[in-house]
Amino acid sequence: MGLRLRIAAVLLLLAEAAWAQHYRFRHYGPEEGLSTAVSRLLQDRTGFLWVGTGNGLFRYDGARFQHFSTDDGLPSTSIRNLHETPDGTLWVVTGRGLARLRHHAFETVPIQGRKDRGDLHAMDSSPGGLVYLGSDRGLLVGTADDPEKAPGFHPLSGAPQDPVNGILAEPNNTVWFSCGLRLCLMNRGGLRIFGEADGLPPERWGALLRSPDGTLWVRGAQHLSVMTPGADRFTARDAGLPQSSNTILSMIVDHDGAILVSTDLGLARWRNGQWELIGTRQGLESDTITDVLQDREGSIWIGMWGAGVARWTGYGEWTSWTTADGLSSNLIWAIRRHPSGSMWIGTDRGLVELRNGVAVRVLTKKDGLGGDKVKGLVTSPDGALWVASLPGGVSRLDPSGAHIRVYGAADGLSEDRVVAIYLDGENRLWASTGEGLYRSDGLGPHRGRVSNFGGLPATGGKSGFPTDSNTCECVSTLAAFSAPAGPDCPSRVPKRNLFRTLIWRTQTAVDSRC
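Counting in my numbering, the sequence shown runs from 16 upward without gaps.
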């Protein structure tokens, strides 16, 4: 099978497998008491993480989870919402009423006519001290200006008596809230209701968010819409976004401005104009996400249905790829970014190309590569990728990526166990082997090929050599760099070290000219 056909076959296989990168998660579950669905997550001003579940409320202090239930003053163990008001009070919406944490204990907050109001669902507060509650029969408001007194909640004047599942109280005393299958806005100008004529489909809008750029985001079980600054109507932004069948919806903006949304098929992240899903394929224990939170340190906490909580460590910093994502081996020897933007990975079982974080092809000896164990990679000015194999010599993948040529004994490279390659300042390719060091003629800016490899004395794979009167190229099995010329070349601090300076310092110079 030709190289192009093999590449096409690999591309088809990768598309069917739908490989994606992996992330690092730490999971907290039954061992910590989190054996039921997680409904809400909150980090309070003191740093404690609160986890609301169907089996009570948990507080995590960084070492253990402490459980709170009706024995601790909660009206119910079914936690529906958590909120901290500007004065630092923690509020808990449960299936049987409202509670707040005062003097290290929970107390039930009475709501006049609560039975007539139905169940409570949503909660938010304004900087001015107003506290809003969403109930089955409209929006309630109270004043929490005196922490020693429970706020007297009453229906917001002029608001419809429809179920309220989501609330967004803004600093200018404007409050957005769902009202049945529509969205309501209450401000000094009165009440405005948004519906289909304003770009919003009928939906129970359970999550409302104002992003740093001023965009208003509203999320329901099936739809997500936005109103950008200056606009007077909403536009859909849910193409590619899975549904969320949970009655409680979650949506946040992370420290970098990305929007994170809970769905039934993973955590959705809006980046670069599209939705990216993070679920079991990326390392989570469940795809059904119920809530998401970013803590002060930047870690993302993810609540899952029946699978506890996951902490995404290294969020925004580290991403991992394994054989589950298309790599041919988890043993990595070399990595090189190509000018085209692709990332080439040398593994123990072939050469892998990553493009936009996705493995798009794998090249092995069957495709014409010199060998499967890829130990080194360099790119030449013409865009060709040079590959060192052990065994297998040196291979050149042309800039188009369609043709491979292998260099071996016929080209002067009599030892095919190549452990490292290096392109020097004069565009000459160096190959370090177990039996000696080899150097090619200058590749030339347009030639892009080696005419001959010249061998230096056998040195166990390490040597140094001068390139001009001022610098000395020092190459070993593990490193290659430029340093000032002279007999003590290896002991000098290098100008350019591909790995660590310490690596060369442990070596002994072989070529006395360095």
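All residues carry an ideal CB built from backbone N, CA and C; glycine is no exception.
query                                                                                                                      : result
Proximity below 8 angstroms, CB of Trp348 to CB of Leu400                                                                  : no
For His42 and Asn96, believed in contact at Cβ under 8 angstroms, the rounded distance                                     : At roughly 24 angstroms, the Cβ-Cβ gap does not stay under 8 angstroms, so Asn96 and His42 are not in contact.
Leu183 versus Leu200, Gly173, Ser404 and Ala446, residue with shortest Cα-Cα distance                                      : Leu200
Pairwise C-alpha distance: Leu113 and Gln176                                                                               : 20 angstroms
His98 classed as buried or exposed, judged by whether at least 16 other C-beta atoms fall within 10 angstroms              : buried
Beta-carbon separation (whole angstroms), Gly255 vs Ser226, contact threshold 8 angstroms                                  : Between Ser226 and Gly255 the Cβ distance is about 19 angstroms, and since that is not below 8 angstroms, they are no contact.
Residues near Arg352 by beta carbon distance below 6 angstroms, same chain, minus five either side                         : Met358
Nearest-angstrom Cα separation, counted from Gly210 out to Asp86                                                           : 44 angstroms
Ala403 burial status per 10 Å Cβ neighbour count (16 or more: buried)                                                      : buried
Collapsed DSSP secondary structure at Ala236 in the structure displayed                                                    : coil
Nonlocal neighbours in the same chain, by C-beta distance under 6 angstroms from Leu64, ignoring five residues either side : Gln58 and Tyr75
Contact under 8 angstroms by Cβ, Gly110 with Ser84                                                                         : no
Segment contact flag, the segment 306-319 with the segment 46-60, C-beta cutoff 8 angstroms, min 3 pairs                   : yes
Cβ-based burial, Gln297 [other Cβ within 10 Å; buried from 16]                                                             : buried
Separation of Gly133 from Arg152, as counted between CA atoms                                                              : 6 angstroms
Residues near Gln237 by beta carbon distance below 7 angstroms, same chain, minus five either side                         : Glu218 and Gln258
DSSP-derived helix/strand/coil call for Thr207                                                                             : The question names Thr, but residue 207 in the sequence shown is Arg. Looking at Arg207 - three-state DSSP - the assignment turns out to be strand.
Pairwise C-alpha distance: Leu458 and Val465                                                                               : Residue placement at Val465 is flagged as unreliable, the pLDDT there being 47, under the threshold of 50; a coordinate-derived value is accordingly withheld.
Rounded C-alpha distance that separates Glu8 from Ile350                                                                   : Here the chain comprises residues numbered 16 to 529, so residue 8 is not present and cannot be evaluated.
Burial state of Ser540 (16 or more Cβ within 10 Å)                                                                         : Because residue 540 is not part of the residues shown, which for the chain are 16 to 529, the question remains open.
Where Gln258 sits in the DSSP three-state scheme                                                                           : coil
Cβ-heavy atom distance, Trp348 to the ligand PLP, below 7 angstroms                                                        : Only the bare structure without any ligand can be found here, which leaves the ligand PLP out of the picture.
One or two residues paired with Phe168 in a DSSP bridge                                                                    : Per DSSP, none; premise fails for Phe168.
Span separating the alpha-carbon of Asp413 from that of Ser344                                                             : 24 angstroms
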